[in-house]
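Student: My questions will all concern the structure given below.
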Amino acid sequence: MLLKILPIILPVIIAIITFKFSAKSTIRNLKKSSSKLNEPQLIALIQRMAKEINLNNINVYVYKIGQINGIASPDGKIYLTEGFLNAYYSGKVTASELSTVVAHELGHLALGHTKKRIIDFSGQTAIRIGLGFILGRFLPGVGLYLANALAQLISAKLSRTDEYAADAYAAALLKKSNIGTEPQISLLNKLDYLLNSNELPQIPWLMSHPSSKDRISEISKLEQKWTKNIP
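Residue 322 is where the sequence shown starts when you use this note's numbering, and the numbers rise one by one after that.
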């Protein structure tokens with residue numbers, strides 16, 4: 322029995338070890354190429370959010386790369402890229418809009434998404450290997466491709482679900498901190514422009530992130546729900 326399931330279990334074990342080494346490498350790289358955020362207006366907004374979740378402080382770091390992104394690292398730290406800070410200094414985004422990125426990444430950490438990734442990754446590996454092995458017996462030559470396609474679909478779906486959840490967490494925290502969801506929505510409206518996204522439209526169910534339009538729609542639904550509940 323063990324010999325039969327070993328071809329499935331062994332790749333999963335290897336995937337877990339690889340993921341952990343990759344996470345450690347990511348942490349080292351982030352630490353080496355980052356410095357603590359030193360922007361008073363943005364820090365003041367972050368402190369307002371920290372107060373609402375009973376934290377003395379939320380340390381945010383600047384990752385020195387030109388890309389525009391926010392990162393929740395495997396060791397529980399939040400990073401804004403230097404590219405995002407440059408967009409702020411050039412007036413393309415406001416401090417309030419940038420604070421929504423911190424809130425979103427904080428959502429990933431609070432909801433355990435960074436830790437859940439290893440489970441998701443291991444499960445996808447099991448699907449690729451296990452289902453590929455089974456389908457390969459009935460559909461030689463294409464079974465592995467079908468298993469990979471299914472694993473990719475599941476991975477993309479899980480990632481989009483996490484993004485929506487982090488958006489919802491951020492929206493609630495921003496609302497509670499009297500920053501509001503307006504900056505969150507306005508930043509999402511700018512996102513494709515900021516990222517210079519001139520790519521052809523992607524198939525929605527293969528995307529790791531929901532479209533900005535869909536994210537705005539979900540945040541707006543939350544806002545409407547909260548407004549209705551106000552006495």
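Backbone N, C-alpha and C fix where the C-beta goes; we use that ideal spot for every residue, glycine too.
Exposed or buried, residue 545, counting other C-beta atoms within 10 Å across all chains shown (16 or more means buried)?
Tutor: So residue 545 ends up on the exposed side.
Student: If we call anything under 7 Å between Cβ atoms a contact, is residue 487 one with residue 428?
Tutor: Yes, the pair counts as a contact, with Cβ atoms nearer than the cut-off.
Student: Under 8 Å: do the segment 413-425 and the segment 500-519 share three or more Cβ pairs, one atom per stretch?
Tutor: Yes, the segment 413-425 is in contact with the segment 500-519.
Student: Run the CB neighbour count on residue 445, radius 10 Å, all protein chains shown included, and call it buried at 16 or more, exposed below.
Tutor: The residue in question, residue 445, is buried, as its Cβ has 16 or more Cβ neighbours within 10 Å.
Student: In this structure, how does DSSP classify residue 385 when only helix, strand and coil are distinguished?
Tutor: Looking at residue 385 - three-state DSSP - the assignment turns out to be coil, as it is neither helix nor strand.
Student: CB-CB under 6 Å to residue 483, same chain, minus the five flanking residues each way: which ones, in chain order?
Tutor: Here the set comprises 434.
Student: Let me know the alpha helix (DSSP H) ranges lying completely inside the segment 361-409, each 4 residues or longer, listed in chain order.
Tutor: Runs found: 361-373.
Student: Just checking, does the segment 468-477 make contact with the segment 374-382 on the three C-beta pairs under 8 Å criterion?
Tutor: Judged by Cβ distances under 8 Å, the segment 468-477 makes no contact with the segment 374-382, as fewer than three pairs qualify.
Student: Excluding sequence positions up to five away, which residues of its chain have a Cβ less than 8 Å from the Cβ of residue 528?
Tutor: Taken in chain order, the residues that qualify are 477 and 481.
Student: Does the beta-carbon distance from residue 497 to residue 373 come in below 7 Å?
Tutor: For residue 497 and residue 373, yes; Cβs fall inside 7 Å.
Student: Which residue's Cα is closest to the Cα of residue 395: 341, 475 and 513?
Tutor: Selected option, being the one with the closest Cα: 341.
Student: Where residue 501 and residue 492 are concerned, what is the direct C-alpha to C-alpha distance, given to the nearest angstrom?
Tutor: Rounded to whole angstroms, residue 501 to residue 492 spans 7 Å at the Cα level.
Student: Taking DSSP as the reference, what is the three-state secondary structure of residue 411?
Tutor: Residue state, collapsed to three classes: coil.
Student: With burial defined as no fewer than 16 other Cβ atoms inside 10 Å of the residue's Cβ, what is the status of residue 357: buried or exposed?
Tutor: When all chains shown are included, residue 357 counts as exposed.
Student: Quick one, are the C-beta atoms of residue 399 and residue 381 less than 7 Å apart?
Tutor: In this structure, residue 381 lies closer than 7 Å to residue 399 by Cβ.
Student: Give a yes or no on whether the C-beta atoms belonging to residue 516 and residue 392 are separated by under 7 Å.
Tutor: Cβ atoms of residue 516 and residue 392: not closer than 7 Å.
Student: Within 10 Å of its beta-carbon, does residue 461 have 16 or more other beta-carbons around it, so buried, or fewer, so exposed?
Tutor: Residue 461 should be labelled exposed.
Student: Comparing C-alpha positions only, which one of 465, 355, 409 and 494 sits nearest to residue 367?
Tutor: Out of 465, 355, 409 and 494, 494 has the C-alpha closest to the C-alpha of residue 367.
Student: Would you report the Cα separation of residue 351 and residue 530, rounded to the nearest angstrom?
Tutor: Their Cα atoms are separated by approximately 22 Å.
Student: Can you grab the Cα-Cα spacing for the pair residue 363 / residue 549, in whole Å?
Tutor: Roughly 31 Å between the two C-alpha positions.
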